[in-house]
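Colleague: Going by our numbering, the first residue of the sequence shown is number 2, and it counts up by one from there.
Got a structure here, written out as structure tokens. Questions coming.
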Amino acid sequence: MHKTSPHRNQRLADQIQRDLAELIPRELRSPTLGLITLQSVELTPDLAHAKVFFTVLGAEPEYAAKALQEKAGYLHSLLFKRLHIHTVPTLHFHYDSSVEHGIEMSRLIDQAVDSDRKDEAQ
Numbered sequence: 002m003h004k005t006s007p008h009r010n011q012r013l014a015d016q017i018q019r020d021l022a023e024l025i026p027r028e029l030r031s032p033t034l035g036l037i038t039l040q041s042v043e044l045t046p047d048l049a050h051a052k053v054f055f056t057v058l059g060a061e062p063e064y065a066a067k068a069l070q071e072k073a074g075y076l077h078s079l080l081f082k083r084l085h086i087h088t089v090p091t092l093h094f095h096y097d098s099s100v101e102h103g104i105e106m107s108r109l110i111d112q113a114v115d116s117d118r119k120d121e122a123q
């Protein structure tokens with residue numbers, strides 16, 4: 002089994018993220034897709050697979066994930082032309098809900114603080 006260094010793995014993940022961030026808006030032109038932002042890319046140690054985590058504004062996450070997964074093969078072929086490596090990982094797109102969770106937690110904290118202030122004022 003071929004192993005890669007963790008630093009090379011991370012550099013490649015970062016490069017894939019940068020390239021996909023350029024390719025997705027250009028190649029998947031649809032107003033119904035909204036604004037897709039890539040959060041991170043995780044590669045398997047053998048570089049065979051890449052989990053691409055994204056968020057989306059202005060569209061349903063399920064719709065965006067389906068559209069991205071349908072174009073994964075095409076995006077893979079475009080990456081192959083850009084990256085000068087022997088094997089380009091298979092792309093797997095996953096919606097990253099952590100941003101939504103963070104916003105919701107912030108809202109709940111703000112509500113709790115406001116409630117405490119109202120209680121103290123009485």
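All C-beta atoms, glycine included, are put in the ideal place defined by N, C-alpha and C.
Which residue from 25, 11, 75 and 15 puts its Cα closest to that of residue 161?
Modeller: Here the chain comprises residues numbered 2 to 123, so residue 161 is not present and cannot be evaluated.
Colleague: For residue 43, which beta-bridge partners are listed by DSSP?
Modeller: Within the sequence shown, numbered from 1, the residue matching residue 43 stands at position 42. Its beta-bridge partners are 52.
Colleague: Return the first residue and the last residue of the alpha helix (DSSP H) that residue 85 is part of.
Modeller: As a position in the sequence shown, residue 85 is number 84, starting the count at 1. Note, residue 85: premise wrong, no alpha helix (DSSP H); not H, not E.
Colleague: Please tell me whether residue 94 and residue 112 are closer than 8 Å, where the distance is taken between their beta carbons.
Modeller: The residue labelled residue 94 in the question sits at position 93 within the sequence shown. The residue labelled residue 112 in the question sits at position 111 within the sequence shown. Not in contact: residue 94 and residue 112 (Cβ atoms no closer than 8 Å).
Colleague: Could you tell me which residues DSSP pairs with residue 57 in its beta bridges?
Modeller: Locating residue 57 in the sequence shown gives position 56, counting from the first residue. Partner(s): 37.
Colleague: Run through DSSP, which three-state label would residue 1 get?
Modeller: A query on residue 1 cannot be resolved here, the shown segment of the chain reaching from 2 to 123 and no further.
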